[in-house]
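>
Protein chains: 2
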Amino acid sequence: MAKRSVRLSRDAIIDCATALADAEGLEAVTIRRLAQENGVTPMAMYWHFNDKDSLLDGLAEHLIASVKLPEPGDGMWDEQLRAILVAFLDAIRPHPALAGLALRRILVAEPGLRLAERVLDLLRQAGFGPEQAAEVGTFLMCAVITLVVGDPMAAKAAVGGDAAADMRHKQAMLQALEPGRYPNLIAAAPALVSCRGQDDYFTINIDLLVQGVRGTRRN
Amino acid sequence: MAKRSVRLSRDAIIDCATALADAEGLEAVTIRRLAQENGVTPMAMYWHFNDKDSLLDGLAEHLIASVKLPEPGDGMWDEQLRAILVAFLDAIRPHPALAGLALRRILVAEPGLRLAERVLDLLRQAGFGPEQAAEVGTFLMCAVITLVVGDPMAAKAAVGGDAAADMRHKQAMLQALEPGRYPNLIAAAPALVSCRGQDDYFTINIDLLVQGVRGTRRN
DNA sequence: CGCACACGTTGTACGTCGTACAGTTGTGGG
DNA sequence: CCCACAACTGTACGACGTACAACGTGTGCG
Numbered sequence: 344m345a346k347r348s349v350r351l352s353r354d355a356i357i358d359c360a361t362a363l364a365d366a367e368g369l370e371a372v373t374i375r376r377l378a379q380e381n382g383v384t385p386m387a388m389y390w391h392f393n394d395k396d397s398l399l400d401g402l403a404e405h406l407i408a409s410v411k412l413p414e415p416g417d418g419m420w421d422e423q424l425r426a427i428l429v430a431f432l433d434a435i436r437p438h439p440a441l442a443g444l445a446l447r448r449i450l451v452a453e454p455g456l457r458l459a460e461r462v463l464d465l466l467r468q469a470g471f472g473p474e475q476a477a478e479v480g481t482f483l484m485c486a487v488i489t490l491v492v493g494d495p496m497a498a499k500a501a502v503g504g505d506a507a508a509d510m511r512h513k514q515a516m517l518q519a520l521e522p523g524r525y526p527n528l529i530a531a532a533p534a535l536v537s538c539r540g541q542d543d544y545f546t547i548n549i550d551l552l553v554q555g556v557r558g559t560r561r562n
Numbered sequence: 344m345a346k347r348s349v350r351l352s353r354d355a356i357i358d359c360a361t362a363l364a365d366a367e368g369l370e371a372v373t374i375r376r377l378a379q380e381n382g383v384t385p386m387a388m389y390w391h392f393n394d395k396d397s398l399l400d401g402l403a404e405h406l407i408a409s410v411k412l413p414e415p416g417d418g419m420w421d422e423q424l425r426a427i428l429v430a431f432l433d434a435i436r437p438h439p440a441l442a443g444l445a446l447r448r449i450l451v452a453e454p455g456l457r458l459a460e461r462v463l464d465l466l467r468q469a470g471f472g473p474e475q476a477a478e479v480g481t482f483l484m485c486a487v488i489t490l491v492v493g494d495p496m497a498a499k500a501a502v503g504g505d506a507a508a509d510m511r512h513k514q515a516m517l518q519a520l521e522p523g524r525y526p527n528l529i530a531a532a533p534a535l536v537s538c539r540g541q542d543d544y545f546t547i548n549i550d551l552l553v554q555g556v557r558g559t560r561r562n
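Just so you know, the sequences run in chain order H and X. At position 39 of the first sequence (counting the first as 1) the number is 382 in our numbering, and the numbers step up by one without a gap. At position 103 of the second sequence (counting the first as 1) the number is 446 in our numbering, and the numbers step up by one without a gap.
(1) Just confirm the distance between the C-beta atoms of residue 495 of chain H and residue 510 of chain H, as a whole number of angstroms; I'd bet it's less than 8 Å.
(2) In chain order, what residues of the same chain have a beta carbon less than 8 Å from the beta carbon of residue 458 of chain H, not counting five sequence neighbours either side?
(3) For residue 513 of chain H, report the span of its alpha helix (DSSP H) as first-last.
(4) Take the Cβ of residue 375 of chain H as the centre, count every other Cβ of all protein chains shown within 10 Å, and call the residue buried at 16 or more, exposed below.
(5) On the three-state DSSP scale, how would you describe residue 425 of chain X?
(6) On the premise that residue 358 of chain X lies in contact with residue 557 of chain X, defined as a C-beta separation below 8 Å, what is that separation, rounded to the nearest angstrom?
(7) Could you tell me if the beta carbon of residue 531 of chain H falls within a distance shorter than 8 Å of some heavy atom in the ligand NAP?
(8) Can you give the Cα-Cα distance for residue 523 of chain X and residue 414 of chain H, rounded to whole angstroms?
(9) Within the chosen definition, does the segment 485-494 of chain X reach the segment 433-441 of chain X through at least 3 CB pairs nearer than 8 Å?
(10) Under a Cβ-count criterion, where at least 16 other Cβ atoms within 10 Å of its own Cβ denotes burial, should residue 508 of chain X be classed as buried or exposed?
(11) With DSSP as the reference, label residue 418 of chain H as helix, strand or coil.
(12) Give a yes or no on whether 9 Å exceeds the smallest Cβ distance from residue 400 of chain H to chain X.
(13) Does any residue of chain H have a CB that is nearer than 9 Å to the CB of residue 463 of chain X?
(14) Can you tell me the Cα-Cα spacing of residue 552 of chain X and residue 551 of chain H, whole angstroms?
(15) Is residue 500 of chain X helix, strand or coil when you go by DSSP?
(16) Examine the Cβ distances between the segment 382-391 of chain X and the segment 355-374 of chain X and report whether three or more of them are shorter than 8 Å.
(17) Identify whether residue 538 of chain H lies in helix, strand or coil by the three-state DSSP scheme.
(18) If we count the other Cβ atoms within 10 Å of its Cβ and call it buried at 16 or more, is residue 345 of chain X buried or exposed?
(19) When you compare the CB positions of residue 443 of chain X and residue 369 of chain X, do they come within less than 9 Å of one another, or not?
(20) Between which two residues does the alpha helix (DSSP H) containing residue 481 of chain H stretch?
(21) Check whether the segment 470-487 of chain X touches the segment 525-539 of chain X, taking contact to mean three or more Cβ pairs, one atom from each stretch, closer than 8 Å.
(22) Near residue 463 of chain X, what residues of its chain come up, given a Cβ to Cβ distance below 6 Å and the 5 sequence neighbours on each side ignored?
(23) As a quick exercise: from X:355, X:423 and X:536, pick the residue whose alpha carbon is nearest that of residue 512 of chain X.
(24) To the nearest angstrom, how far is the alpha carbon of residue 467 of chain H from that of residue 473 of chain H?
(25) Quick one, are the C-beta atoms of residue 351 of chain X and residue 383 of chain X less than 9 Å apart?
(26) With a threshold of 9 Å between beta carbons, is residue 539 of chain X in contact with chain H?
(27) Compute the Euclidean distance between the alpha carbons of residue 546 of chain H and residue 355 of chain X, then round it to the nearest angstrom.
(28) Whose C-beta lies closer than 7 Å to the C-beta of residue 326 of chain X among residues of the same chain, with five residues either side of it excluded?
(29) So which of X:379, X:394, X:366 and X:527 has the shortest CA-CA distance to residue 478 of chain H?
(30) Alpha carbon to alpha carbon, how far is residue 396 of chain H from residue 402 of chain H?
(31) For a test of the three-state rule: what should DSSP assign to residue 396 of chain H, helix, strand or coil?
(32) Can you check whether the C-beta of residue 482 of chain H is within less than 9 Å of a C-beta belonging to chain X?
(33) Assuming residue 454 of chain H and residue 404 of chain H make a contact with CB atoms under 8 Å, what is their CB distance in whole Å?
(34) Does residue 519 of chain X pass the burial test, meaning 16 or more other C-beta atoms within 10 Å, or should it be called exposed?
(35) Let me check understanding here. Comparing Cα to Cα, which of H:560, H:360, H:540 and H:465 lies closest to residue 416 of chain H?
(36) Along the chain, where does the alpha helix (DSSP H) containing residue 455 of chain X start, and where does it finish?
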C-alpha cells in the first residue's frame, strides 16, 4: 500500500494497526500485514516491538490514552462516576475491535492507571472500603468494555461478511422459534439482534451500573 | 497421549477440548493438538466438525448447557433474577478460558435460548418493555461472562507462566507508584491484583447488577 | 456367505502466521 | 572522511487451519 516517507516509528505503526483493526477487525492486524502496509519487511517490526504481544500492549495503551477524563469537578460522586464511565465508553466505542485488548491491560500503563485511580477515588467517596472499591471498580471498567466488544460490527470484516444480512437471518431464526416456549425471545427479537451498538443500549446500561453502585454502597 | 478405545465422537472431542482449555488455556485448543490427544490424524476432526469455528460453537454450547437453571419458582423477580445469574456464573466459573466464547454465542443454540428466555421473562415481570428487556438482558449475561474472563487464572498456561509470581510482581509495581498521584491504587493494590477469582468479587458484583436492574426499571 | 457402500480416517500439500538468527545499509557525530 | 550503531533485509523454521483425494472397514442386504 503505502511506501514509507522517511522512517518508521512506533507511533506510526500503532496508528496504522488501529486503522487496520477498525476497518478489517483485530484478526487482520498481523505483523506481516503491518509491514506490507508500510512497505517494509516483517522483521522490521521487531525493531519497534519485542513481539506481537507488546504491539497489542501498545494498541491498548494508545486506546486508553484517548480517554478524555473530565476534570475532578465538584458534583455528586455518582454524577462524576457516570461522567467517567461515559468518557471511557466514548473513547473505546469507535474501536470495538480493540476494546477487548483493554480487558486485562488497564493496570499496565499510565493512562489506565489514571483512569483506575479516578474510579477508585469516587468509589471511596461513595463509602466503599479499599477492597470493595477495588472489586467494584475493576468490574465497572470491564463492564464498560464489555458493552463495546459485544457489538456485532466487530464481526463484519471476515471475508466480506455481510453484517446486515447476518442480522436479518438471526432475527428470522429467533422469530421462527416455538411461540409456546420462547414468547419473550420472539417479542424481543428485533431488539436482541440490533441493540448492541445503539445509543439506547449504552445509556441504559451505564445507568444500570451507576444505579447498581448506589444500591451496593454501604453508607 | 491417549489412544482411542473404539471410535471418536463429537462429544468426546468436546470433553477433551474442555479439559484441555481448563488445563492449558484456550490457545492450547488446536485441531492438531486435539487430534494428537486422541491418537488420530488432524483431518479426522473435520468429520465431526465443519471447521474450527464450529468446534468453538460446540464448546460454547456445551458450556451453556451446563447451567443448572432453577425452577421458575414463585419468589420476587429480583430474587429469581439473582438466582439465574448465579446459576450462570456457577456454570462458567470452572471454565474461565471458555467463558469468552459464550459472549457472542448465547443466542445460537438451544441452552442459551432457554437461559435468555428466562432472563427476559423476569425483566418483563420487573416492568421493562420488550426492547429494554432485550438491552438489559443482553448486557446482564455479557456482564456475568465478563466477571469470569477477567480472571487472571486464564493467563497461567502460557509456557509455564507462574501466575503467583506475576501477581506479586504486579502488586509490587502498583505499590511503587508515586503516593501523591495514585493514593487509591496503592491502598487497593493487594485487592486489585487478587480480587478477580475470589468469591467476594463475584457476589458483590452480581449484587451490583441486580440492584442496578432494580434502580433502572420503570415501575 | 460375500459384496457394495457409506462412514470414519489417513496422507499429502498449501498458504499463513509469529519469530529466531545473521547479514546489510544509511546516516550522523567524531 | 569514516565508522559505529540504529534501522532494516533475507532466509528459514515450526505451528497453525484446512482443501483434496485416497484408503480401510464394519454393516446390512442379496
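Even glycine gets a Cβ: it sits at the ideal position worked out from N, Cα and C. Here the structure is a predicted model, which means the values were calculated and not measured.
Taking the coordinates as given:
(1) That belief holds up - the Cβ atoms of residue 495 of chain H and residue 510 of chain H are roughly 7 Å apart, short of 8 Å.
(2) So the list reads 407, 410, 412, 427, 431, 449 and 484, once near-sequence residues are dropped.
(3) Counting along the chain, the unbroken alpha helix (DSSP H) around residue 513 of chain H starts and ends at 506-518.
(4) Counting the other CB atoms within 10 Å of its CB gives residue 375 of chain H a total below 16, which places it among the exposed residues.
(5) In the structure shown, residue 425 of chain X sits in a helix (DSSP, three-state: H, G or I).
(6) With 8 Å as the limit, residue 557 of chain X and residue 358 of chain X do not qualify as a contact, their Cβ atoms being about 39 Å apart.
(7) The ligand NAP is not among the ligands present in this structure, which contains no ligands whatsoever.
(8) Rounded to whole angstroms, the gap between the alpha carbons of residue 523 of chain X and residue 414 of chain H is 17 Å.
(9) Three or more pairs of CB atoms, one per stretch, sit closer than 8 Å, so the segment 485-494 of chain X contacts the segment 433-441 of chain X.
(10) That one is exposed.
(11) If DSSP states are grouped into helix, strand and coil, residue 418 of chain H belongs with coil.
(12) No, residue 400 of chain H lies away from the interface with chain X (no Cβ there is under 9 Å from its Cβ).
(13) Yes, residue 463 of chain X counts as interfacial toward chain H.
(14) Taking the CA atoms as reference points, residue 552 of chain X sits about 7 Å from residue 551 of chain H.
(15) Caution applies to residue 500 of chain X, whose pLDDT of 49 falls short of 50 and renders its modelled position unreliable; the value that the coordinates give is listed next. Three-state DSSP puts residue 500 of chain X in coil, outside helix and strand.
(16) As far as the Cβ criterion goes, the segment 382-391 of chain X touches the segment 355-374 of chain X, which means the pair count is three or higher.
(17) Residue 538 of chain H falls in the coil class under three-state DSSP.
(18) Any reading at residue 345 of chain X needs caution, since the residue's pLDDT is 49, under 50, leaving its predicted position unreliable; the model's value is listed next. With fewer than 16 Cβ atoms within 10 Å of its Cβ, residue 345 of chain X is classed as exposed.
(19) A contact, by the Cβ cut-off of 9 Å.
(20) It spans 473-492 - the alpha helix (DSSP H) in which residue 481 of chain H sits, taken as one unbroken run.
(21) Counting Cβ pairs under 8 Å, fewer than three are found: no touch.
(22) Non-local beta-carbon contacts of residue 463 of chain X in its own chain, meaning distances under 6 Å to residues more than five positions away in sequence, involve 476 and 480 in chain order.
(23) Closest by alpha carbon: X:536.
(24) In this structure, the straight-line span from the alpha carbon of residue 467 of chain H to that of residue 473 of chain H is close to 7 Å.
(25) A contact, by the Cβ cut-off of 9 Å.
(26) Judged by the 9 Å Cβ criterion, residue 539 of chain X is in contact with chain H.
(27) So the two alpha carbons sit approximately 44 Å from each other.
(28) Beyond the ends of chain X as shown, which are 344 and 562, falls residue 326 of chain X; an answer cannot be given.
(29) Answer by Cα proximity: X:527.
(30) If you take the alpha carbons of residue 396 of chain H and residue 402 of chain H, they lie about 10 Å apart.
(31) In this structure, residue 396 of chain H counts as helix in the three-state DSSP scheme.
(32) Using a Cβ-Cβ cut-off of 9 Å, residue 482 of chain H counts as an interface residue toward chain X, since at least one Cβ of chain X sits closer than that to its own.
(33) Rounded, the Cβ-Cβ distance is 6 Å, consistent with contact.
(34) Looking at its Cβ environment, which holds fewer than 16 other Cβ atoms inside 10 Å, residue 519 of chain X is exposed.
(35) Considering only H:560, H:360, H:540 and H:465, the residue with the shortest C-alpha distance to residue 416 of chain H is H:465.
(36) Its alpha helix (DSSP H) spans residues 453-468.
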